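**Q**
Residue numbers (the numbering used here): 448 to 721.
Take a look at the structure:
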């Protein structure tokens with residue numbers, strides 16, 4: 448019998464002999480194990496999601512607003528509640544400690560108010576704190592059927608809530624204004640405020656200012672009497688008021704004041720009235 452040459456010999460000792468049925472059973476067990484791992488992992492994820500986002504423990508139950516002086520609580524809390532009661536990602540409630548976005552709440556508040564300071568804090572596990580430092584309103588500005596409060600820099604800091612005996616200026620041009628905008632410059636505002644203060648100081652026995660109407664470089668003062676007064680915002684305040692004082696001391700004017708329709712101080716050293 449011929450001998451097989453080494454190069455044609457096959458190494459059978461390293462061959463593995465497997466039972467096909469056992470191999471198939473092993474694969475099925477492996478698949479079932481992986482499936483159990485997937486199901487278990489899914490259950491764990493769902494439990495974690497529930498504990499974090501649906502557990503009543505983490506639902507915001509208390510909102511505290513600190514620093515209120517003139518701004519009405521109900522107006523500010525409504526902004527916060529509108530955010531809280533909305534949903535994020537369709538079914539996740541924003542009224543949740545983990546989901547609640549402080550920046551979004553701040554953004555919502557700043558759409559209606561401008562504060563000196565504004566800080567939003569979350570206190571674990573279910574409390575929200577809004578800390579504000581209010582700006583002081585100095586003037587009421589009415590335009591385009593809207594009413595705004597301006598601070599001392601002429602910044603529109605909020606919509607009107609309480610006029611608090613502030614100077615009222617109506618923009619007859621009805622120019623568009625939004626919270627955070629400036630309808631006039633700070634210098635213009637200072638001019639109007641000084642004018643109003645001096646009118647109250649020197650003429651309170653003659654009439655009471657009701658409101659002002661701004662049109663270009665003119666300012667029309669409506670009084671509680673039958674007449675109104677035109678001022679020129681490009682002329683010195685004192686010069687115009689001195690001329691008005693002299694005129695109101697005139698006997699003919701004093702005796703017929705109830706029939707006067709207006710005083711016009713817009714023309715340098717002249718005064719017109721009718």
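Glycine included, every Cβ here is placed at the ideal spot set by N, Cα and C.
Everything numeric in this text was worked out from a predicted model, so none of it was measured.
(1) Where does residue 558 sit, in a helix, a strand or coil, going by DSSP?
(2) Looking only at its chain, what residues have a beta carbon closer than 8 Å to the beta carbon of residue 626, apart from the 5 residues adjacent to it on each side?
(3) Under a three-way DSSP split, which group does residue 490 fall into?
(4) Take residue 587 and list the residues in its own chain whose beta-carbon comes closer than 8 Å to its own, dropping the five residues that flank it on each side.
(5) Less than 8 Å separating the beta-carbons of residue 436 and residue 505?
(6) Opposite residue 594 in the DSSP bridges: which residues?
(7) How far does the beta strand (DSSP E) with residue 720 in it reach, from first residue to last?
(8) To which residues of the same chain is residue 573 closer than 8 Å at the C-beta, ignoring the five residues directly before and after it?
(9) Can the beta-carbon of residue 675 be found less than 8 Å from the beta-carbon of residue 668?
(10) Report the start-end ranges of each beta strand (DSSP E) in the region 502-584 that is 3 residues or longer and not cut off at the edges.
(11) Find the nearest neighbour of residue 640 within the set 620, 599, 528 and 540, judged by alpha-carbon distance.
(12) Within the same chain, show all residues whose beta-carbon is closer than 7 Å to that of residue 647, passing over the 5 residues directly before and after it, in chain order.
(13) How close, in whole Å, do the beta carbons of residue 688 and residue 649 come, if the pair is a contact with beta carbons under 8 Å?
(14) Considering only residues of the region 624-710, which uninterrupted alpha helix (DSSP H) runs meet the minimum length of 4 residues and lie entirely inside it, listed in chain order?
(15) Are the Cβ atoms of residue 551 and residue 530 separated by less than 8 Å?
(16) Put residue 478 into one of helix, strand or coil per three-state DSSP.
(17) Relative to the alpha-carbon of residue 637, which residue among 683, 527, 553 and 698 has its alpha-carbon at the smallest distance?
(18) Thinking C-beta only, is residue 514 closer than 8 Å to residue 733?
(19) What is the DSSP secondary structure of residue 498, reduced to helix, strand or coil?
(20) Answer with buried or exposed for residue 697, where buried requires no fewer than 16 other C-beta atoms within 10 angstroms of its C-beta.
(21) Could you spell out the range, first to last residue, of the beta strand (DSSP E) harbouring residue 601?
(22) Could you tell me which of 721, 678 and 518 sits nearest to residue 584, measuring between CA atoms?
(23) For the candidate residues 548, 480, 714 and 601, whose alpha-carbon lies nearest to that of residue 633?
(24) If you draw a straight line from the C-alpha of residue 662 to the C-alpha of residue 692, how long is it?
(25) What are the residues that DSSP puts in a beta bridge with residue 617?
(26) How should residue 618 be labelled, buried or exposed, when 16 other C-beta atoms within 10 angstroms of its C-beta is the threshold for buried?
(27) Are there 16 or more other CB atoms within 10 angstroms of the CB of residue 630, so buried, or fewer, so exposed?
**A** This is what the structure gives:
(1) Indexing the chain shown from 1 puts residue 558 at position 111. In this structure, residue 558 counts as coil in the three-state DSSP scheme.
(2) For the purposes of this step, residue 626 is identified with residue 179 of the chain shown, where counting begins at 1. Counting only Cβ-Cβ distances below 8 Å, and skipping sequence neighbours, we find 557, 558, 559, 560, 561, 595, 603, 604, 605 and 606.
(3) The sequence position of residue 490 within the chain shown is 43, counting from 1. Reduced to three states, the DSSP call for residue 490 is helix.
(4) Counted from its first residue, the chain shown places residue 587 at position 140. Closer than 8 Å at the Cβ level, and outside the excluded window around residue 587, lie 594, 595, 596, 597, 607, 610, 613, 614, 615 and 616.
(5) Any question about residue 436 goes unanswered here, given that the chain covers just 448 to 721.
(6) On the chain shown, residue 594 is found 147 positions in, with the first residue counted as 1. Beta-bridge pairing links residue 594 to 589.
(7) For the purposes of this step, residue 720 is taken as residue 273 along the chain shown, with counting starting at 1. Element bounds for residue 720: 717-720.
(8) What you label residue 573 is simply residue 126 of the chain shown in a count that begins at 1. The answer, listed in chain order, is 504, 505, 506, 507, 508, 509 and 544.
(9) Taking the chain shown and counting its residues from 1, the one referred to as residue 675 is at position 228. Taking the chain shown and counting its residues from 1, the one referred to as residue 668 is at position 221. Yes, the Cβ-Cβ distance between residue 675 and residue 668 is below 8 Å.
(10) 509-513, 564-570 and 574-580
(11) For this step, residue 640 is matched to residue 193 along the chain shown. When each option's Cα is compared against that of residue 640, the closest is 599.
(12) The residue given as residue 647 occupies position 200 in the chain shown. For residue 647, where only same-chain residues beyond five positions count, the Cβ hits under 7 Å are 656.
(13) What you label residue 688 is simply residue 241 of the chain shown in a count that begins at 1. What you label residue 649 is simply residue 202 of the chain shown in a count that begins at 1. Rounded, the Cβ-Cβ distance is 6 Å, consistent with contact.
(14) 633-650, 684-696 and 698-702
(15) In the chain shown, the residue the question calls residue 551 occupies position 104. In the chain shown, the residue the question calls residue 530 occupies position 83. Their beta carbons are under 8 Å apart, which means residue 551 touches residue 530 by this criterion.
(16) By 1-based counting over the chain shown, the position of residue 478 is 31. Residue state, collapsed to three classes: helix.
(17) By one-based count along the chain shown, residue 637 stands at place 190. Of the candidates 683, 527, 553 and 698, the one whose C-alpha sits nearest the C-alpha of residue 637 is 683.
(18) This structure leaves residue 733 out entirely; the chain is present only between 448 and 721.
(19) Looking up residue 498 in the chain shown gives position 51. Residue 498 falls in the helix class under three-state DSSP.
(20) On the chain shown, residue 697 is found 250 positions in, with the first residue counted as 1. With fewer than 16 Cβ atoms within 10 Å of its Cβ, residue 697 is classed as exposed.
(21) Stepping through the chain shown from its first residue, residue 601 is reached at position 154. Residue 601 -> no beta strand (DSSP E), and no H or E assigned at all.
(22) Here residue 584 is taken as the residue at index 137 of the chain shown, counted from 1. Comparing Cα positions, the closest option is 518.
(23) Against the chain shown, residue 633 aligns to sequence position 186. The shortest Cα separation from residue 633 among 548, 480, 714 and 601 belongs to 601.
(24) For this step, residue 662 is matched to residue 215 along the chain shown. For this step, residue 692 is matched to residue 245 along the chain shown. C-alpha separation (whole angstroms): 24 Å.
(25) Reading the chain shown from its first residue, position 170 is the one you call residue 617. In the DSSP output, where bridge partners are listed per residue, residue 617 has 589 and 660.
(26) As a working mapping, residue 618 is identified with position 171 in the chain shown. When all chains shown are included, residue 618 counts as buried.
(27) For the purposes of this step, residue 630 is taken as the residue at position 183 of the chain shown. With 16 or more other Cβ atoms within 10 Å, it is buried.
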